[in-house]
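Using this note's numbering, the letters of the sequence shown map in sequence onto residues 743 to 1293.
What follows is a set of notes on a single structure, which appears directly below.
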Amino acid sequence: MKPHGILLICLLATSSYITSAQTNNFSGIWKLAQREVLAGGTYTNGLPDVVIISSVSAKMFFEYRSRGDASISKEELSVGGKDFVESITDSKRKRISRAGWISENKSFTKLVSFSSASGENNIEFFRNEVWMLSDDQKYLSISREHRSVKNTDEKFAMTGVYRKITAEELEIDKATGKGIKFEEGLAWSQLLEKAQTENKFLFVDCYATWCRPCKEMDEYVYPVDRLGEFMNSHFISVKVQSDSTKNDVQTVKLLYPAARMLERTYDIKSLPTYLFFSPDGKVVHRSVGKLEVEGFLTLAKEALDPDKQLYTLINNWKKGKVKYVDMPASVKLLKTKSDKKNALAIARDYMIGHLNKLSEVDFLKKENLVFIGENIDMVVTKDKVYQYYLKQPKKMDLIMDKGYSNRFVNIVLYREKMAPVINLAKKDNKEPDWKKVNQEMIRASDKTFAEENLAFAKMNWYGDKKDLKNSIRYTIEYVNLVFPKNDNVNFLNSMAMDIFLKSNNKAELESAIPWAEKGIQVLRKQNDHAFLAMVIDTKANLLYKAGKPAE
743 MKPHGILLIC LLATSSYITS AQTNNFSGIW KLAQREVLAG GTYTNGLPDV VIISSVSAKM
803 FFEYRSRGDA SISKEELSVG GKDFVESITD SKRKRISRAG WISENKSFTK LVSFSSASGE
863 NNIEFFRNEV WMLSDDQKYL SISREHRSVK NTDEKFAMTG VYRKITAEEL EIDKATGKGI
923 KFEEGLAWSQ LLEKAQTENK FLFVDCYATW CRPCKEMDEY VYPVDRLGEF MNSHFISVKV
983 QSDSTKNDVQ TVKLLYPAAR MLERTYDIKS LPTYLFFSPD GKVVHRSVGK LEVEGFLTLA
1043 KEALDPDKQL YTLINNWKKG KVKYVDMPAS VKLLKTKSDK KNALAIARDY MIGHLNKLSE
1103 VDFLKKENLV FIGENIDMVV TKDKVYQYYL KQPKKMDLIM DKGYSNRFVN IVLYREKMAP
1163 VINLAKKDNK EPDWKKVNQE MIRASDKTFA EENLAFAKMN WYGDKKDLKN SIRYTIEYVN
1223 LVFPKNDNVN FLNSMAMDIF LKSNNKAELE SAIPWAEKGI QVLRKQNDHA FLAMVIDTKA
1283 NLLYKAGKPA E
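In structure tokens, the structure reads:
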């Protein structure tokens, strides 16, 4: 969990519902081109590979496909003025979907709850989604947050960018049999020699036998004909297994030394990792994670382009050859390739070497503050920008948005002062020195910020330790501290539901009722009927369990 709230997708639905004219803009076949994990685990099935949307009158029909056509599910969404629609999934769960319009013709929100088909008040998990069309209507962005009610570790937030394709293009992507040709039986030195002799780049797929995304690449991406045609023309390709098993054949064992060398040299911590080398054996590009065909093609083409090669960019920056004006784009590219370390290093160079030298008026331009916020992990409490947010929150909130200063300070403060203490305590298997870290936080901020962060840390610490009594105690303490200035309905409802699920104590249950009530008030002001029913249900559950069913 990140400090001060899980990364949540905000539902901004208004009173207007999606109309049939608006839904037509979303109709078509959408193929996943790129996905990004925003929070939680990397679930390969967190987003479908293909979404097929059609609309008739006041209804939208969704077909979701994953792993080729191995997994197909369908959903119907009422868009003619109803608050929600119920349906039964293939896994026999009851699904309740609600939708609200954000921006006319371009984006809507969807809140979906899943429960077992029988019984009441047995919701298993929620999904909050935001669907947004690009201006040219050629791309569709789907952001999804998934949260399990029963298993708090089962949560994630991710976003995917889908490209609109034709039925013919979809069929082409299914054509397999002439995919990437992977070399076998060659040692590392022989692979480098072969690439040099044939004047081709070398593509290395670093995988493991236990890696599910790796297996899905083998099954659904690498065999595709159009991908193989491009890769086989420009690359020598090889698969290097990172783990070892008793069933490994000799061709796999031959590259054991290369696997250790690559892992050590290129700091491989996620799989699959893709490495690209020039014909003369120099590493030029990399990326990680499962990719779709289109995304992998884009990656391979980047590896051939010196202006887009990751390692070329990093080396140029280290040599001082990257201009400040180009650094934001470089940071963005590195982040898309999951090279957070170098992305933050360049971002900090840009902030210290360029932004900090601007006049106050120029430094505080929104685009500069947005860049810093997007790379907040580079910020420390002594930085100029942190001090602005700490000492001039009203001024900074006028530039950004309400509550931004508070969130910014909390994130930096927690990461710098609290997180190292928590991590050390976990390593040593002992209680953190709460008093000492509290004093350090006060020196870096003030008593209010320190108090909030301390309660937040204790809430999570005792929650991880399965200490139910203290977990509930500090959840209540933390939420009550931030309650007056927090209008995030997702947060309030989530915390209230947490108390409902964990506690049988009347006083504890009653303490969470105002959180749900505030959420209801906020949603009624926004006229958001879609989410309102769920928060009202949370309040009703709390009242019933607290022995106040009549209320």
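We treat Cβ as the ideally placed atom computed from N, Cα and C, and that holds for glycine.
Bear in mind that the values here come from a model prediction, so they are computed numbers and not experimental data.
- Bounds of the beta strand (DSSP E) holding Thr-851 are 849-858.
- Taking the CA atoms as reference points, Phe-1225 sits about 7 Å from Trp-1257.
- Between Met-1276 and Ser-855, the beta carbon gap of about 7 Å places them in contact (Cβ cut-off 8 Å).
- Within a 10 Å sphere around the beta-carbon of Ala-1071 sit fewer than 16 other beta-carbons, which makes this residue exposed.
- Taking the Cα positions, Trp-772 is about 22 Å away from Gly-970.
- Residue environment for Lys-1032: buried (at least 16 other C-beta atoms within 10 angstroms of its C-beta).
- Inside the stretch 1202-1285, DSSP marks whole alpha helix (DSSP H) runs of 4 or more residues at positions 1210-1224, 1231-1244, 1248-1268, from first to last along the chain.
- DSSP, read as helix, strand or coil, puts Gly-902 in strand.
- When rounded, the separation of the alpha-carbon atoms in Glu-913 and Val-980 is 27 Å.
- In this structure, Leu-997 keeps its C-beta atom at 8 Å or more from the C-beta atom of Tyr-949.
- For Ser-1072, the enclosing alpha helix (DSSP H) covers residues 1069-1078.
- Judged by DSSP secondary structure, Ile-1118 falls outside any alpha helix (DSSP H); it is assigned neither H nor E.
- The beta carbon of Phe-1113 sits closer than 7 Å to the beta carbons of Pro-1070 from its chain, once the five residues preceding and following it are set aside; these are given in chain order.
- Collapsing the DSSP output to three states places Leu-875 in a strand.
- As summarised for the stretch 1025-1108, the continuous beta strand (DSSP E) elements at least 3 residues long and confined to that stretch are 1025-1030, given in chain order.
- A residue is called buried once 16 or more other Cβ atoms fall within 10 Å of its Cβ, and Gly-1095, having fewer, is exposed.
- Annotated three-state conformation of Met-1160 is helix, per DSSP.
- Following the DSSP letters along the chain, one finds Arg-1185 inside the alpha helix (DSSP H) bounded by residues 1176-1186.
- Under a 10 Å Cβ-count criterion, Ile-922 is classified as buried, with 16 or more other Cβ atoms of the shown protein chains found around its own Cβ.
- DSSP places Leu-1166 in the helix class (H, G or I) of the three-state scheme.
- Pairing Tyr-1016 with Arg-1006 gives a Cβ-Cβ distance that is not under 8 Å.
- A straight-line Cα-Cα distance of about 35 Å links Val-1122 and Trp-873.
- Counting along the chain, no alpha helix (DSSP H) covers Tyr-1008, and no H or E run does either.
- In this structure Arg-809 does not touch Glu-935 by the C-beta definition: roughly 37 Å separates them, more than the 8 Å allowed.
- Excluding sequence positions up to five before and after Tyr-964, its CB lies within less than 7 Å of the CB of Gly-921, Ile-922, all in the same chain and listed in chain order.
- With a cut-off of 8 Å on Cβ pairs, the stretch 774-781 is not in contact with the stretch 1041-1050, counting fewer than three such pairs.
- In this structure Val-1025 is not in contact with Tyr-1066, their Cβ atoms being roughly 26 Å apart against a cut-off of 8 Å.
- Spatial neighbours of Met-1183 in its own chain (CB-CB distance under 8 Å, excluding positions within 5 residues in sequence) are listed in chain order as Leu-1155, Lys-1159, Met-1160, Phe-1191, Ala-1192, Asn-1195, Leu-1196.
- By the neighbour-count criterion, in which a residue is buried when 16 or more other Cβ atoms sit within 10 angstroms of its Cβ, Ile-830 is exposed.
- Per DSSP, the beta bridge partners of Thr-1015 are Cys-948, Val-1030.
- Setting aside the 5 residues that flank it on each side, Tyr-1204 is surrounded in the same chain by Asn-1212, Ser-1213, Tyr-1216, each with a C-beta closer than 7 Å to its C-beta; the list follows chain order.
- Lys-942 places its beta carbon less than 8 Å from that of Ile-978.
- Under the 10 Å beta carbon count, Lys-1177 is surrounded by fewer than 16 other beta carbons and is classified as exposed.
- In terms of Cα proximity to Gln-879, the closest of Ala-1288, Phe-768, Ala-1282, Tyr-1220 is Phe-768.
- Selection Tyr-806, Asp-1175, Ala-917 evaluated against Val-966 yields Ala-917 as nearest (Cα-Cα).
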